[in-house]
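Colleague: Position one of the sequence shown corresponds to residue 3 (this note's numbering), numbered consecutively onward. Please see the structure below; I have some questions.
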Amino acid sequence: MLVSLAIRDIVLIDHAVLDWSGGFTALTGETGAGKSVLLDALSLATGQRGDVGLVRQGCAQGEVSACFEIASSHCVQTTLIEAGLTESPVTDIILRRIQNKDGRSRAFCNDKPISVALLRQIGSQLVEIHGQHESQALTDAGTQRDLLDAFGALAGDVKKTGAAYQQWQAAQAALAQAQADLADTTADKDYLTHALAELADLAPEVGEEIKLAQTRELLMNAEKITAELNEISQHLSDEGGGDNAISAALRRLEQVASKAGTALDGVITAIDKMLIETQEARAVLNEAAATIIHDPDRLQKVEQRLFALRDMARKHNTNCDDLASLMGELQSRLAGIEGDTRNITALEAAQNKAEAAYAKTAQALSKARHKAAITLDKRVAAELPPLKLNGGKFHTQIDSVAPEAGGIYGLDKVQFEAATNKGVTPAPIAKIASGGELARFMLALKVVVLEGAQHSTLIFDEVDAGVGGAVAEAVGVRLHNLASNNAQVLVVTHAPQVAARADQHYLVSKTSSQTAFSLLPDNERLQEIARMLSGASITAEAVAAAKRLLEAKVGS
Numbered sequence: 003m004l005v006s007l008a009i010r011d012i013v014l015i016d017h018a019v020l021d022w023s024g025g026f027t028a029l030t031g032e033t034g035a036g037k038s039v040l041l042d043a044l045s046l047a048t049g050q051r052g053d054v055g056l057v058r059q060g061c062a063q064g065e066v067s068a069c070f071e072i073a074s075s076h077c078v079q080t081t082l083i084e085a086g087l088t089e090s091p092v093t094d095i096i097l098r099r100i101q102n103k104d105g106r107s108r109a110f111c112n113d114k115p116i117s118v119a120l121l122r123q124i125g126s127q128l129v130e131i132h133g134q135h136e137s138q139a140l141t142d143a144g145t146q147r148d149l150l151d152a153f154g155a156l157a158g159d160v161k162k163t164g165a166a167y168q169q170w171q172a173a174q175a176a177l178a179q180a181q182a183d184l185a186d187t188t189a190d191k192d193y194l195t196h197a198l199a200e201l202a203d204l205a206p207e208v209g210e211e212i213k214l215a216q217t218r219e220l221l222m223n224a225e226k227i228t229a230e231l232n233e234i235s236q237h238l239s240d241e242g243g244g245d246n247a248i249s250a251a252l253r254r255l256e257q258v259a260s261k262a263g264t265a266l267d268g269v270i271t272a273i274d275k276m277l278i279e280t281q282e283a284r285a286v287l288n289e290a291a292a293t294i295i296h297d298p299d300r301l302q303k304v305e306q307r308l309f310a311l312r313d314m315a316r317k318h319n320t321n322c323d324d325l326a327s328l329m330g331e332l333q334s335r336l337a338g339i340e341g342d343t344r345n346i347t348a349l350e351a352a353q354n355k356a357e358a359a360y361a362k363t364a365q366a367l368s369k370a371r372h373k374a375a376i377t378l379d380k381r382v383a384a385e386l387p388p389l390k391l392n393g394g395k396f397h398t399q400i401d402s403v404a405p406e407a408g409g410i411y412g413l414d415k416v417q418f419e420a421a422t423n424k425g426v427t428p429a430p431i432a433k434i435a436s437g438g439e440l441a442r443f444m445l446a447l448k449v450v451v452l453e454g455a456q457h458s459t460l461i462f463d464e465v466d467a468g469v470g471g472a473v474a475e476a477v478g479v480r481l482h483n484l485a486s487n488n489a490q491v492l493v494v495t496h497a498p499q500v501a502a503r504a505d506q507h508y509l510v511s512k513t514s515s516q517t518a519f520s521l522l523p524d525n526e527r528l529q530e531i532a533r534m535l536s537g538a539s540i541t542a543e544a545v546a547a548a549k550r551l552l553e554a555k556v557g558s
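Written out as structure tokens, the structure reads:
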């Protein structure tokens, strides 16, 4: 339970320390006195959203500390251990929050710095705050579903269903993207198939273009080259004087050499070699001339092949030598598209599996909700007569949709239906209940939902709004009974009938520059309840009525 709340430099509070006891505590005061500031401070300490507007004017920061006593079996012990804040159960938790004027804030648990998210997680396990506008939220379908899930302790099932839904949606998105990609590549597949067929028919080879170009050049000039070679060969032949001249020179040297000893041996050897090489050169020349044949048919074939290679290279914006490697690239792209087709089959199977898993999980959640709704209806119905809703009825209507129309919270549309008078068929609660009736239905629901929870502290802000007299007294009695059931209940109220049922009573007052909190002794409490009954001018009748209210509490 909440043991103390220390507030410094929050709105009009410069410094305040409030000590709390168990049971039922009422907070009263004039409208605008600052009762809501107290709840804002506690919300800040338990990790709710910070607000620079909470920092007292002229101060750089505001600070709130909330001290709780907890049992060793409380669920928050697990959170503390898992977060590394303690190694074993603790008996006290001090939550502290510092809100800076520049918007930054710091959070602490037992003087250890923690994230605001962790502070919120811990705080939510210790305190349940029912805001003054929450009764209107009862008309919201999401709120109704959340209350049913809280009553049925279905948070784990809801989380599991949400995870299954997200997995299904992810599988759907992956399949849709793959299908879109495949549709985009269908035209590419046709192009690739055609291009590969053309390249396969052409069968290009690296270096082929330059060889063909050289052959074409040779064939185009074959007649001229052959004529030149034949003429050169003629010059080197006996008839052209080549061999004869060298032979004649050699014979004359040999004749002279007989008279010159060895002086001309080298010259004779050189000329003899020249004669041999000339004869060999003429033979090679004749062979070359014989191979270079003017062949128009062959020239045409070479040109067709060469031009086909060059046309294909231009078509693919590359060069002839890269056509062979281009074939490999196109084959890889085509294989990728065919692989995408196989991948879609796998993605379809994954999507179907994820959908089936979601349907199974969501249907199990729906079954659990229907079961919880039966018990919830009975429990809430039992709470209505004590809250002066005699003849009132309460029913939880659950309509389920098909899995393909489901969502993160499952397949169910939850709607609370109620009737405020006997014999009237229940209808959506938003259509039949007044503001005061909504508040009482919400109180009944909160009482039922929270009785099984482990929250140390339950806070109600003006849960009695819109009611008075006997109805307000009934609300006070129910809150007192709730506090008697091992719960600490803090209530901000304007109803004297509710305040009179409290075990502890704080008065909130405000001057022009400061908000103050006073724990009222019995005599001052009597005066405060009398003021709540009669207004600023306290009459003897109001005091007597206040005394009767307090005595009724003692006698209950």
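Glycine residues also receive a C-beta, built at the ideal position from the N, C-alpha and C atoms.
I need the DSSP call for PRO523, collapsed to helix, strand or coil.
Modeller: coil
Colleague: Under 8 angstroms, with one C-beta from each stretch per pair, do the region 115-132 and the region 318-330 reach the 3-pair mark?
Modeller: no
Colleague: Let me make sure I understand the geometry here. Which of CYS77, LEU156, LEU528, ALA467 has the alpha-carbon closest to that of GLU553?
Modeller: LEU528
Colleague: Within 10 angstroms of its Cβ, does ARG147 collect 16 or more other Cβ (buried), or is it exposed?
Modeller: buried
Colleague: Residues in the same chain with beta-carbon distance under 6 angstroms from ASP414, minus the five sequence neighbours each way, listed in chain order, please.
Modeller: SER368, ARG371, ILE400, SER402
Colleague: Buried or exposed: HIS17, going by 16 or more other Cβ atoms within 10 Å of its Cβ?
Modeller: So HIS17 ends up on the exposed side.
Colleague: Applying the 10 Å Cβ sphere with the 16-neighbour rule, what's the burial state of ALA199?
Modeller: exposed
Colleague: Checking 8 angstroms against the spacing of the C-beta atoms, do LEU29 and LEU40 come in under that value?
Modeller: yes
Colleague: State the beta-bridge partners of ILE116 as determined by DSSP.
Modeller: ALA109
Colleague: Among the residues of its own chain, which have a CB less than 6 angstroms from the CB of PHE462, if the five just before and after it don't count?
Modeller: HIS132, VAL493
Colleague: State the DSSP-derived secondary structure class of ASN232, mapped to helix, strand or coil.
Modeller: In the three-state scheme derived from DSSP, where H, G and I count as helix and E and B as strand, ASN232 is classed as helix.
Colleague: Look up LEU287 in the DSSP assignment and say whether it is helix, strand or coil.
Modeller: DSSP places LEU287 in helix when its eight states are reduced to three.
Colleague: Taking GLN127 as the reference, which of LEU82, ASP151, GLY86, ASN232 has the closest Cα?
Modeller: LEU82
Colleague: Evaluate the contact criterion for the region 58-75 versus the region 97-107: three or more CB pairs, one atom per stretch, below 8 angstroms.
Modeller: Result yes; three or more Cβ-Cβ pairs closer than 8 angstroms.
Colleague: Quick one: what's got a C-beta closer than 7 angstroms to GLY24's C-beta in the same chain, skipping five residues either side?
Modeller: MET3, GLN490
Colleague: Are the CB atoms of THR422 and GLU439 within a distance shorter than 8 angstroms?
Modeller: With a cutoff of 8 angstroms on beta-carbon distance, GLU439 and THR422 are scored as near each other.
Colleague: VAL19 to ASN525, Cα distance in whole Å?
Modeller: 22 angstroms
Colleague: From GLY242 to ARG253, what distance separates their C-alpha atoms?
Modeller: Below a pLDDT of 50, predicted positions are generally treated as unreliable, and GLY242, at 48, falls in that range; the measurement from the model is reported next regardless. Approximately 19 angstroms, taken between the alpha carbons.
Colleague: Here's a check: name, in chain order, each residue in its chain whose Cβ is nearer than 6 angstroms to the Cβ of THR141, leaving out the five neighbours to either side.
Modeller: ALA432
Colleague: Whole angstroms is fine: what's the gap from GLN516's alpha carbon to THR33's?
Modeller: Their backbone Cα atoms lie some 15 angstroms apart in a straight line.
Colleague: Identify every residue that forms a DSSP beta bridge with HIS507.
Modeller: Note: HIS507 is bridge-paired with ALA28 in the DSSP secondary-structure output.
Colleague: I'd like to know if GLN399 contacts chain D, where contact means its C-beta is closer than 8 angstroms to some C-beta of that chain.
Modeller: The structure shown contains no chain D; it is built from a single protein chain.
Colleague: If you run the structure through DSSP and keep just helix, strand and coil, what is ILE294?
Modeller: In the structure shown, ILE294 sits in coil (DSSP, three-state: anything other than H, G, I, E or B).
Colleague: Going by DSSP, name the residue or residues bridged to LYS415.
Modeller: ASP401
Colleague: Taking one C-beta from the region 172-186 and one from the region 297-306 each time, how about it: are there three or more such pairs within less than 8 angstroms?
Modeller: The way I'd put it, the region 172-186 doesn't touch the region 297-306; fewer than three beta-carbon pairs between them come closer than 8 angstroms.
Colleague: Suppose you measure from the CA of ALA361 to the CA of ILE410; what does that come to, to the nearest Å?
Modeller: 11 angstroms
Colleague: Using the three-state DSSP reduction, which class does ASP53 fall into: helix, strand or coil?
Modeller: Secondary structure at ASP53: coil, using DSSP grouped into helix, strand and coil.
Colleague: Kindly indicate which three-state DSSP category GLU207 falls into: helix, strand or coil?
Modeller: coil
Colleague: For the region 128-209, which segments carrying the alpha helix (DSSP H) assignment without a break, of at least 4 residues, lie completely within its bounds, in sequence order?
Modeller: 136-139, 143-153, 157-204
Colleague: Measure the C-alpha to C-alpha separation of ILE15 and LEU445 and round it to an integer number of angstroms.
Modeller: 30 angstroms
Colleague: Give me the residue from LYS390, ASP94, LYS448, GLY31 with the minimum Cα distance to SER74.
Modeller: ASP94
Colleague: Quick check on the burial criterion: 16 or more other C-beta atoms within 10 angstroms. Buried or exposed for HIS196?
Modeller: exposed
Colleague: Enumerate in chain order the residues of its own chain whose CB-to-CB distance from GLY425 is below 8 angstroms, with the five nearest sequence positions on each side excluded.
Modeller: For GLY425, where only same-chain residues beyond five positions count, the Cβ hits under 8 angstroms are GLY393.
Colleague: Which residues mark the beginning and the end of the alpha helix (DSSP H) in which GLN499 is found?
Modeller: Start and end: 498-501.
Colleague: What did DSSP end up calling GLY242 once you bin it into helix, strand or coil?
Modeller: Bear in mind that a pLDDT of 48 at GLY242, under 50, signals an unreliable position, so the number given afterwards is only what the model happens to contain. The answer is coil: DSSP assigns GLY242 none of H, G, I, E or B.
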